[in-house]
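Here is the structure we will look at, set down as C-alpha coordinates.
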Amino acid sequence: MKIKYCLLLFAVVFSGHSAFCQAANWNLAPPSTVLLDTSAVGAVSQMSGVTYLGLSPLPATTLLHRFAAVQNEGGVLLTFDVVFDPDGTLFLAKAVSSQILSPSFDFEGIAYTSSTRNSVYLAEENTPGVREFSLATGSQLQNVAIPPVFGNSRANRGFESLARSPDGTTMWTANEQALTVDGPLATSSAGTTVRLLRMDVAGDSVSPAEQYAYEVDPIHGTSTIGSPQSGLSDLVLLPDGTLLALERSVAFTSPLYLNRIYEVDPAGATDLSDETFDSGLFGENYVPVSKQILWSGAIDGSSGQNLEGLTLGPRLANGDWVLLGVVDDGDPVSQNTIVAFTLSANPSADFDSDGDIDGSDFLSWQRGVGISIGATHAEGDADRDGDVDADDLAFWQSAYSAPLSGLPLAVPEPLSNTLLLGLLVPMIASGRWRS
(Lines of atoms letter the chains of each structure in order from A and count residues from 1; the text may use other names and numbers.)
(Lines give C-alpha, C1' and ligand atoms only; values in the text may rest on other atoms or scores of the structure.)
Protein backbone atom coordinates (compact mmCIF):
# COMPACT_ATOMS: atom_id res chain seq x y z
CA MET A 1 0.00 0.00 0.00
CA LYS A 2 1.30 3.44 -0.91
CA ILE A 3 0.37 6.96 0.14
CA LYS A 4 0.29 10.02 -2.04
CA TYR A 5 3.07 12.56 -1.59
CA CYS A 6 2.11 15.78 0.15
CA LEU A 7 2.19 19.18 -1.50
CA LEU A 8 2.18 22.32 0.63
CA LEU A 9 -0.30 21.74 3.50
CA PHE A 10 -2.55 19.02 2.07
CA ALA A 11 -3.30 16.02 4.24
CA VAL A 12 -2.20 12.53 3.35
CA VAL A 13 -3.67 9.29 4.60
CA PHE A 14 -2.08 5.91 5.21
CA SER A 15 -3.66 2.93 6.98
CA GLY A 16 -6.43 5.14 8.35
CA HIS A 17 -4.13 7.70 9.99
CA SER A 18 -3.82 11.32 8.87
CA ALA A 19 -0.61 13.30 8.59
CA PHE A 20 0.07 16.85 7.51
CA CYS A 21 2.94 18.39 5.60
CA GLN A 22 4.86 21.19 7.24
CA ALA A 23 5.78 24.30 5.29
CA ALA A 24 8.85 23.89 3.10
CA ASN A 25 12.24 24.68 4.62
CA TRP A 26 13.42 26.43 1.45
CA ASN A 27 12.19 28.72 -1.35
CA LEU A 28 13.36 28.58 -4.95
CA ALA A 29 13.28 31.54 -7.36
CA PRO A 30 12.87 31.06 -11.15
CA PRO A 31 16.13 30.37 -12.97
CA SER A 32 18.45 32.38 -15.18
CA THR A 33 20.36 30.74 -18.04
CA VAL A 34 23.47 31.26 -20.19
CA LEU A 35 24.99 29.21 -22.97
CA LEU A 36 28.31 27.61 -21.98
CA ASP A 37 31.27 29.09 -23.88
CA THR A 38 33.17 25.99 -25.08
CA SER A 39 35.77 27.77 -27.25
CA ALA A 40 38.67 26.78 -24.97
CA VAL A 41 37.97 23.04 -25.03
CA GLY A 42 36.17 22.31 -28.30
CA ALA A 43 33.10 20.10 -28.48
CA VAL A 44 31.10 19.49 -25.30
CA SER A 45 28.40 16.87 -25.43
CA GLN A 46 25.69 15.60 -23.10
CA MET A 47 26.51 17.08 -19.70
CA SER A 48 24.58 14.93 -17.23
CA GLY A 49 25.80 15.79 -13.72
CA VAL A 50 27.43 18.79 -12.04
CA THR A 51 29.23 19.55 -8.78
CA TYR A 52 30.72 22.68 -7.17
CA LEU A 53 34.52 22.73 -6.68
CA GLY A 54 34.84 26.15 -5.00
CA LEU A 55 36.52 29.35 -6.12
CA SER A 56 38.43 29.16 -9.38
CA PRO A 57 42.24 29.27 -9.08
CA LEU A 58 42.44 31.45 -12.20
CA PRO A 59 43.37 35.08 -11.57
CA ALA A 60 40.52 37.41 -12.51
CA THR A 61 39.16 40.83 -11.71
CA THR A 62 35.72 39.23 -11.22
CA LEU A 63 34.97 36.45 -8.73
CA LEU A 64 35.01 33.11 -10.57
CA HIS A 65 33.34 29.96 -9.27
CA ARG A 66 34.47 26.59 -10.59
CA PHE A 67 32.24 23.62 -11.33
CA ALA A 68 32.81 20.17 -12.81
CA ALA A 69 30.34 18.42 -15.11
CA VAL A 70 30.44 14.81 -16.21
CA GLN A 71 29.41 13.79 -19.73
CA ASN A 72 27.40 10.60 -20.10
CA GLU A 73 29.34 9.49 -23.17
CA GLY A 74 33.08 9.08 -23.54
CA GLY A 75 33.90 9.32 -19.83
CA VAL A 76 34.75 13.03 -20.05
CA LEU A 77 34.95 15.33 -17.02
CA LEU A 78 34.58 19.03 -17.89
CA THR A 79 35.55 21.96 -15.67
CA PHE A 80 34.03 25.39 -16.21
CA ASP A 81 34.04 28.76 -14.47
CA VAL A 82 30.95 30.84 -13.75
CA VAL A 83 30.38 34.48 -12.86
CA PHE A 84 27.21 35.43 -10.97
CA ASP A 85 25.66 38.83 -10.49
CA PRO A 86 25.23 39.79 -6.79
CA ASP A 87 21.65 38.47 -6.82
CA GLY A 88 22.75 35.08 -8.19
CA THR A 89 21.78 35.72 -11.81
CA LEU A 90 24.15 34.06 -14.29
CA PHE A 91 26.51 36.46 -16.04
CA LEU A 92 28.73 34.05 -17.96
CA ALA A 93 29.95 30.44 -18.00
CA LYS A 94 33.16 29.38 -19.75
CA ALA A 95 34.64 25.89 -20.15
CA VAL A 96 38.22 25.66 -18.86
CA SER A 97 39.45 22.09 -19.40
CA SER A 98 38.38 18.50 -20.00
CA GLN A 99 39.74 15.19 -18.73
CA ILE A 100 39.26 11.58 -19.81
CA LEU A 101 38.27 9.20 -17.01
CA SER A 102 39.38 5.57 -16.99
CA PRO A 103 37.57 3.25 -17.02
CA SER A 104 34.61 4.84 -18.82
CA PHE A 105 30.95 4.18 -18.03
CA ASP A 106 27.60 5.87 -18.62
CA PHE A 107 28.23 8.49 -15.94
CA GLU A 108 25.21 10.50 -14.80
CA GLY A 109 25.69 11.94 -11.28
CA ILE A 110 28.77 13.56 -9.71
CA ALA A 111 29.81 14.72 -6.21
CA TYR A 112 33.08 16.45 -5.25
CA THR A 113 34.89 15.31 -2.11
CA SER A 114 37.39 17.97 -0.97
CA SER A 115 40.58 19.76 -1.95
CA THR A 116 42.48 17.32 0.28
CA ARG A 117 41.04 14.16 -1.26
CA ASN A 118 40.87 15.84 -4.73
CA SER A 119 38.40 13.38 -6.17
CA VAL A 120 34.82 12.99 -7.33
CA TYR A 121 32.29 10.22 -6.86
CA LEU A 122 30.36 9.33 -10.02
CA ALA A 123 27.04 7.51 -10.33
CA GLU A 124 26.90 5.31 -13.41
CA GLU A 125 23.65 4.14 -14.84
CA ASN A 126 23.92 0.69 -16.28
CA THR A 127 25.58 -1.48 -13.60
CA PRO A 128 24.34 0.60 -11.71
CA GLY A 129 27.18 1.77 -9.49
CA VAL A 130 28.99 4.53 -7.63
CA ARG A 131 32.72 4.92 -8.27
CA GLU A 132 35.38 7.35 -7.05
CA PHE A 133 37.87 8.93 -9.47
CA SER A 134 41.00 11.00 -8.89
CA LEU A 135 40.87 14.53 -10.30
CA ALA A 136 44.67 14.49 -10.62
CA THR A 137 44.93 11.37 -12.81
CA GLY A 138 41.38 10.57 -13.97
CA SER A 139 41.80 7.00 -12.70
CA GLN A 140 39.37 5.03 -10.54
CA LEU A 141 40.09 4.96 -6.81
CA GLN A 142 37.29 2.69 -5.61
CA ASN A 143 34.03 1.00 -6.52
CA VAL A 144 31.35 1.38 -3.82
CA ALA A 145 29.42 -1.75 -2.79
CA ILE A 146 25.75 -1.37 -3.82
CA PRO A 147 22.83 -3.47 -2.45
CA PRO A 148 22.03 -6.33 -4.88
CA VAL A 149 18.40 -5.24 -5.31
CA PHE A 150 19.59 -2.37 -7.56
CA GLY A 151 20.81 -5.00 -10.01
CA ASN A 152 17.15 -5.14 -11.07
CA SER A 153 17.37 -1.72 -12.70
CA ARG A 154 15.96 -1.28 -16.18
CA ALA A 155 18.32 -0.54 -19.08
CA ASN A 156 19.31 3.14 -19.11
CA ARG A 157 17.16 3.74 -16.00
CA GLY A 158 19.69 3.06 -13.24
CA PHE A 159 21.57 5.56 -11.07
CA GLU A 160 21.03 9.00 -12.58
CA SER A 161 21.76 11.05 -9.44
CA LEU A 162 24.36 11.65 -6.74
CA ALA A 163 24.50 14.07 -3.81
CA ARG A 164 27.05 14.53 -1.02
CA SER A 165 26.54 16.44 2.23
CA PRO A 166 28.70 19.52 2.88
CA ASP A 167 30.33 17.79 5.87
CA GLY A 168 31.18 14.76 3.71
CA THR A 169 29.47 12.17 5.94
CA THR A 170 26.50 11.25 3.72
CA MET A 171 25.76 10.57 0.06
CA TRP A 172 22.48 9.82 -1.72
CA THR A 173 21.66 8.25 -5.07
CA ALA A 174 18.58 6.72 -6.69
CA ASN A 175 17.49 4.76 -9.74
CA GLU A 176 15.84 6.95 -12.40
CA GLN A 177 12.70 4.82 -12.80
CA ALA A 178 11.31 1.77 -10.97
CA LEU A 179 13.34 -1.40 -10.60
CA THR A 180 11.72 -4.34 -12.40
CA VAL A 181 10.81 -5.85 -9.00
CA ASP A 182 9.31 -2.62 -7.66
CA GLY A 183 6.76 -1.52 -10.25
CA PRO A 184 6.06 -0.23 -13.75
CA LEU A 185 7.52 2.72 -15.61
CA ALA A 186 5.78 6.09 -15.44
CA THR A 187 2.76 6.81 -17.63
CA SER A 188 0.63 9.92 -18.17
CA SER A 189 -1.78 8.69 -15.49
CA ALA A 190 0.62 7.25 -12.90
CA GLY A 191 4.16 7.92 -11.76
CA THR A 192 6.91 5.43 -11.03
CA THR A 193 8.39 4.29 -7.69
CA VAL A 194 12.15 4.56 -7.29
CA ARG A 195 14.45 3.79 -4.37
CA LEU A 196 16.51 6.49 -2.68
CA LEU A 197 19.74 5.02 -1.32
CA ARG A 198 21.54 6.79 1.50
CA MET A 199 25.23 5.98 2.02
CA ASP A 200 27.37 6.52 5.11
CA VAL A 201 30.81 8.03 4.48
CA ALA A 202 33.57 7.55 7.06
CA GLY A 203 36.84 8.96 5.74
CA ASP A 204 37.31 7.24 2.39
CA SER A 205 35.01 4.34 3.24
CA VAL A 206 31.46 4.32 1.84
CA SER A 207 28.78 1.86 2.93
CA PRO A 208 25.09 1.54 1.97
CA ALA A 209 22.54 2.51 4.62
CA GLU A 210 18.78 3.12 4.40
CA GLN A 211 16.60 2.87 1.31
CA TYR A 212 13.34 4.76 0.85
CA ALA A 213 10.58 4.72 -1.75
CA TYR A 214 10.15 7.94 -3.73
CA GLU A 215 7.10 8.53 -5.94
CA VAL A 216 8.02 10.24 -9.22
CA ASP A 217 5.25 12.28 -10.88
CA PRO A 218 3.39 11.02 -13.99
CA ILE A 219 4.43 12.11 -17.49
CA HIS A 220 3.09 15.62 -18.04
CA GLY A 221 1.58 14.90 -21.50
CA THR A 222 -0.63 12.19 -22.98
CA SER A 223 1.07 11.83 -26.38
CA THR A 224 2.55 8.42 -27.20
CA ILE A 225 4.78 9.80 -29.97
CA GLY A 226 8.50 9.39 -29.38
CA SER A 227 9.57 8.02 -25.99
CA PRO A 228 7.59 9.81 -23.27
CA GLN A 229 8.96 9.26 -19.77
CA SER A 230 9.22 10.71 -16.28
CA GLY A 231 12.04 9.98 -13.86
CA LEU A 232 14.32 11.18 -11.07
CA SER A 233 17.31 12.98 -12.62
CA ASP A 234 19.36 14.27 -9.70
CA LEU A 235 19.55 14.84 -5.95
CA VAL A 236 21.04 17.74 -3.95
CA LEU A 237 21.91 17.99 -0.25
CA LEU A 238 21.56 21.49 1.24
CA PRO A 239 23.67 22.89 4.12
CA ASP A 240 21.11 21.84 6.76
CA GLY A 241 20.80 18.30 5.38
CA THR A 242 17.57 18.93 3.45
CA LEU A 243 17.36 16.70 0.38
CA LEU A 244 16.15 18.08 -2.97
CA ALA A 245 15.04 15.96 -5.93
CA LEU A 246 15.10 16.99 -9.59
CA GLU A 247 12.48 15.25 -11.73
CA ARG A 248 12.39 15.32 -15.53
CA SER A 249 9.32 14.60 -17.65
CA VAL A 250 9.55 14.23 -21.44
CA ALA A 251 6.49 14.20 -23.71
CA PHE A 252 5.73 15.19 -27.28
CA THR A 253 3.71 18.20 -26.20
CA SER A 254 4.37 21.75 -25.02
CA PRO A 255 6.71 21.94 -23.23
CA LEU A 256 8.71 19.01 -24.52
CA TYR A 257 10.69 18.93 -21.26
CA LEU A 258 9.11 19.75 -17.90
CA ASN A 259 11.33 19.83 -14.82
CA ARG A 260 10.18 19.75 -11.21
CA ILE A 261 12.26 20.36 -8.06
CA TYR A 262 10.98 18.94 -4.77
CA GLU A 263 12.01 19.19 -1.16
CA VAL A 264 12.13 15.65 0.24
CA ASP A 265 11.44 14.52 3.80
CA PRO A 266 12.31 10.89 4.73
CA ALA A 267 10.86 11.26 8.27
CA GLY A 268 8.29 8.53 8.87
CA ALA A 269 9.12 6.69 5.63
CA THR A 270 9.74 2.94 5.63
CA ASP A 271 13.36 1.78 5.49
CA LEU A 272 13.40 -0.58 2.51
CA SER A 273 16.88 -1.92 3.28
CA ASP A 274 15.16 -4.54 5.45
CA GLU A 275 15.37 -7.98 3.82
CA THR A 276 11.57 -8.00 3.57
CA PHE A 277 11.87 -5.74 0.52
CA ASP A 278 14.85 -7.45 -1.17
CA SER A 279 12.53 -9.24 -3.58
CA GLY A 280 10.62 -6.09 -4.50
CA LEU A 281 7.78 -3.82 -3.45
CA PHE A 282 4.89 -5.61 -5.14
CA GLY A 283 2.27 -6.47 -2.51
CA GLU A 284 4.28 -4.95 0.35
CA ASN A 285 3.08 -2.28 2.79
CA TYR A 286 5.39 0.69 3.03
CA VAL A 287 5.38 4.47 3.42
CA PRO A 288 7.31 6.52 0.82
CA VAL A 289 9.06 9.79 1.59
CA SER A 290 6.98 12.96 1.44
CA LYS A 291 7.83 15.77 -0.97
CA GLN A 292 6.87 19.39 -1.51
CA ILE A 293 7.14 21.25 -4.79
CA LEU A 294 9.60 24.16 -4.90
CA TRP A 295 9.61 24.84 -8.64
CA SER A 296 8.10 23.44 -11.84
CA GLY A 297 8.57 24.65 -15.38
CA ALA A 298 10.47 24.64 -18.65
CA ILE A 299 14.06 25.85 -18.50
CA ASP A 300 13.76 28.20 -21.48
CA GLY A 301 10.15 29.12 -20.79
CA SER A 302 8.87 27.55 -24.02
CA SER A 303 9.69 24.06 -25.32
CA GLY A 304 12.02 23.34 -22.44
CA GLN A 305 15.48 21.79 -22.36
CA ASN A 306 16.83 18.58 -20.86
CA LEU A 307 17.94 19.74 -17.40
CA GLU A 308 19.77 16.68 -16.03
CA GLY A 309 22.22 17.81 -13.34
CA LEU A 310 21.86 20.01 -10.26
CA THR A 311 24.21 21.01 -7.44
CA LEU A 312 24.49 23.41 -4.51
CA GLY A 313 26.75 26.31 -5.44
CA PRO A 314 28.16 29.28 -3.52
CA ARG A 315 26.41 31.37 -0.89
CA LEU A 316 25.56 34.93 -1.93
CA ALA A 317 26.28 38.08 0.07
CA ASN A 318 22.61 38.38 1.03
CA GLY A 319 22.59 34.90 2.61
CA ASP A 320 20.85 33.10 -0.26
CA TRP A 321 22.45 30.20 -2.12
CA VAL A 322 22.96 29.33 -5.77
CA LEU A 323 21.54 26.08 -7.13
CA LEU A 324 23.29 25.42 -10.43
CA GLY A 325 22.22 23.00 -13.16
CA VAL A 326 23.44 21.70 -16.52
CA VAL A 327 21.50 20.72 -19.63
CA ASP A 328 22.20 17.60 -21.69
CA ASP A 329 22.36 18.75 -25.35
CA GLY A 330 21.75 15.29 -26.81
CA ASP A 331 18.51 16.19 -28.62
CA PRO A 332 17.44 18.77 -31.23
CA VAL A 333 16.07 21.35 -28.76
CA SER A 334 18.59 21.25 -25.88
CA GLN A 335 21.91 23.11 -25.83
CA ASN A 336 24.93 23.29 -23.53
CA THR A 337 22.92 25.52 -21.22
CA ILE A 338 23.94 26.44 -17.68
CA VAL A 339 21.05 27.16 -15.31
CA ALA A 340 21.07 28.99 -11.96
CA PHE A 341 18.33 29.19 -9.33
CA THR A 342 18.54 31.24 -6.14
CA LEU A 343 17.64 29.38 -2.97
CA SER A 344 16.53 31.05 0.26
CA ALA A 345 15.85 29.44 3.62
CA ASN A 346 12.72 29.71 5.73
CA PRO A 347 14.25 30.28 9.19
CA SER A 348 12.66 28.67 12.22
CA ALA A 349 13.54 28.56 15.92
CA ASP A 350 11.20 25.63 16.65
CA PHE A 351 14.12 23.23 16.80
CA ASP A 352 12.17 20.40 18.43
CA SER A 353 9.28 20.79 15.93
CA ASP A 354 6.60 20.80 18.64
CA GLY A 355 4.82 23.90 17.34
CA ASP A 356 6.09 26.49 19.84
CA ILE A 357 9.22 28.48 20.65
CA ASP A 358 10.37 27.92 24.22
CA GLY A 359 13.22 26.93 26.52
CA SER A 360 13.46 23.45 25.05
CA ASP A 361 14.39 25.03 21.74
CA PHE A 362 17.08 27.05 23.48
CA LEU A 363 18.47 23.81 24.93
CA SER A 364 18.61 22.37 21.41
CA TRP A 365 20.62 25.39 20.31
CA GLN A 366 22.85 25.11 23.40
CA ARG A 367 23.65 21.46 22.66
CA GLY A 368 24.47 22.23 19.04
CA VAL A 369 26.34 25.53 19.38
CA GLY A 370 29.79 25.33 17.84
CA ILE A 371 28.92 22.93 15.03
CA SER A 372 30.51 24.63 12.05
CA ILE A 373 29.35 22.45 9.14
CA GLY A 374 26.56 19.96 8.53
CA ALA A 375 24.33 21.11 11.39
CA THR A 376 20.64 20.24 11.11
CA HIS A 377 17.71 22.38 12.12
CA ALA A 378 17.08 20.07 15.10
CA GLU A 379 20.59 20.87 16.36
CA GLY A 380 19.82 24.60 16.55
CA ASP A 381 20.46 25.81 13.00
CA ALA A 382 17.67 28.39 12.69
CA ASP A 383 18.86 29.96 9.42
CA ARG A 384 19.68 26.56 7.86
CA ASP A 385 23.22 27.49 6.82
CA GLY A 386 24.80 24.38 8.33
CA ASP A 387 26.30 25.91 11.48
CA VAL A 388 25.00 26.74 14.96
CA ASP A 389 26.10 30.15 16.15
CA ALA A 390 25.03 33.51 17.59
CA ASP A 391 22.86 34.28 14.55
CA ASP A 392 20.71 31.25 15.34
CA LEU A 393 20.45 32.28 18.99
CA ALA A 394 19.42 35.78 17.93
CA PHE A 395 16.65 34.36 15.78
CA TRP A 396 15.45 32.16 18.65
CA GLN A 397 15.39 35.18 20.98
CA SER A 398 13.40 37.21 18.45
CA ALA A 399 10.90 34.42 17.89
CA TYR A 400 10.58 33.76 21.62
CA SER A 401 9.88 37.38 22.51
CA ALA A 402 7.70 38.26 19.50
CA PRO A 403 4.46 36.78 20.93
CA LEU A 404 4.92 38.88 24.12
CA SER A 405 5.66 42.15 22.38
CA GLY A 406 3.23 41.74 19.52
CA LEU A 407 5.95 42.93 17.16
CA PRO A 408 6.65 41.25 13.81
CA LEU A 409 9.40 38.67 13.74
CA ALA A 410 12.82 40.16 13.07
CA VAL A 411 16.41 39.04 13.42
CA PRO A 412 18.40 41.35 15.73
CA GLU A 413 22.16 41.54 16.04
CA PRO A 414 23.76 38.53 17.80
CA LEU A 415 23.36 38.62 21.57
CA SER A 416 26.21 39.26 23.95
CA ASN A 417 26.61 37.05 27.04
CA THR A 418 25.27 39.87 29.22
CA LEU A 419 22.13 40.25 27.14
CA LEU A 420 21.65 36.48 27.08
CA LEU A 421 21.83 36.31 30.87
CA GLY A 422 19.35 39.18 31.08
CA LEU A 423 16.99 37.19 28.87
CA LEU A 424 17.24 33.88 30.71
CA VAL A 425 16.79 35.13 34.28
CA PRO A 426 13.26 36.56 33.78
CA MET A 427 12.32 33.46 31.79
CA ILE A 428 13.16 31.19 34.70
CA ALA A 429 11.53 33.50 37.24
CA SER A 430 8.32 33.79 35.24
CA GLY A 431 7.96 30.05 34.82
CA ARG A 432 8.19 30.20 31.02
CA TRP A 433 11.29 28.02 31.05
CA ARG A 434 10.89 24.32 30.71
CA SER A 435 13.55 21.69 30.16
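Residue 278 in my numbering sits at position 286 of the sequence shown, and the numbers go up by one each step.
The C-beta atom is built at its ideal place from N, Cα and C for all residues, glycine as well.
None of the values given here were measured: they were computed from a predicted structure.
Secondary structure note for D353: its alpha helix (DSSP H) is the uninterrupted segment 351 to 360.
The beta carbon of G41 lies closer than 6 Å to those of V62, E100, G101, I102, G301 in the same chain, with the five residues before and after it left out. Taken atom to atom, the span from the alpha-carbon of A341 to that of N19 is near 17 Å. In the structure shown, H57 falls within a strand segment according to DSSP collapsed to helix, strand and coil. Residue state for P306 is assigned as strand, using DSSP reduced to three classes. Within the model, the alpha-carbon separation for N64 versus G378 is close to 32 Å.
The stretch 111 to 124 makes contact with the stretch 143 to 151, as at least three CB pairs between them are under 8 Å. Between N328 and D321, the gap from beta carbon to beta carbon is short of 7 Å. Here E267 is exposed, its C-beta having fewer than 16 other C-beta atoms within 10 Å. Per DSSP, reduced to three states, the secondary structure at V325 is coil, with no helix or strand assignment. Contact between L171 and V141 holds, since their C-beta atoms are separated by about 7 Å, short of 8 Å.
Residue pairing from DSSP places W287 in a beta bridge opposite I253. Here L189 is buried. Its C-beta has 16 or more other C-beta atoms within 10 Å. Taking all protein chains shown into account, P49 has fewer than 16 neighbouring C-beta atoms within 10 Å of its C-beta and is therefore exposed. In the pairwise beta carbon analysis, the stretch 221 to 230 is classified as touching the stretch 183 to 200: at least three pairs are separated by under 8 Å.
Beyond the five residues adjoining it in sequence on each side, R156 comes within less than 6 Å, by CB distance, of A103, M163 in the same chain, given in chain order.
About 6 Å separates the CB atoms of V36 and L70; that is less than 8 Å, so the two are in contact.
Of the candidates Q284, F387, S215, the residue whose Cα lies closest to the Cα of I349 is F387. Residue state for N298 is assigned as coil, using DSSP reduced to three classes. When the five nearest sequence neighbours on each side are left out, the beta carbons in the same chain lying within less than 6 Å of the beta carbon of V198 are those of V136, M191, in order along the chain. If you draw a straight line from the Cα of P200 to the Cα of T161, it comes to about 12 Å. At a Cβ-Cβ threshold of 7 Å, S326 and V319 count as neighbours.
For V74, the uninterrupted beta strand (DSSP E) run begins and ends at 68 to 76, by DSSP. Rounded to whole angstroms, the Cβ separation of K283 and V256 is 5 Å, and the two are in contact under 8 Å. If you look at F274, you'll find it isn't in any beta strand (DSSP E); DSSP assigns it neither H nor E. The stretch 332 to 341 makes contact with the stretch 72 to 83; the number of CB pairs closer than 8 Å reaches 3 or more.
Looking only at G218, R146, P139, S94, the smallest Cα-Cα distance to E124 is reached by S94.
For I92, the uninterrupted beta strand (DSSP E) run begins and ends at 82 to 92, by DSSP. At the C-beta level, T262 and V281 stay beyond 7 Å of one another. When beta bridges are read from the DSSP output, W164 appears opposite A155, R190.
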